[in-house]
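Here the sequence shown stands for residues -16 to -1, 1 to 41, where the numbers follow mature numbering (1 follows the signal peptide of the UniProt record, and there is no 0).
A short write-up of the structure that comes next.
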Amino acid sequence: MWFPVTVLLLVGLAVATPDHDHAWENGHEYQYHIQSRTLAGLDKLNEQYTGVQIKGL
């Protein structure tokens, strides 16, 4: 019971600290290469699959 409360308090303290260095700087543009694929299928019936593939920059 106390573990979730403790975690929430620690996260709140970390966010509320005013001199916390953030991972991003204002005024900069960041680009990320993202790839993801999700497949589903019934391989015992027939070797056919369906899915979604996402690529982005």
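Note that the Cβ used here is the ideal one computed from N, Cα and C, for glycine as well.
Taking C-alpha positions only, I18 is separated from E9 by approximately 21 Å.
Pairing G35 with A24 gives a Cβ-Cβ distance under 8 Å.
Per DSSP, the beta bridge partners of L23 are G35. In the same chain as T22, and ignoring 5 residues on each side of it, the C-beta atoms closer than 6 Å to its own belong to G35 and V36, in chain order.
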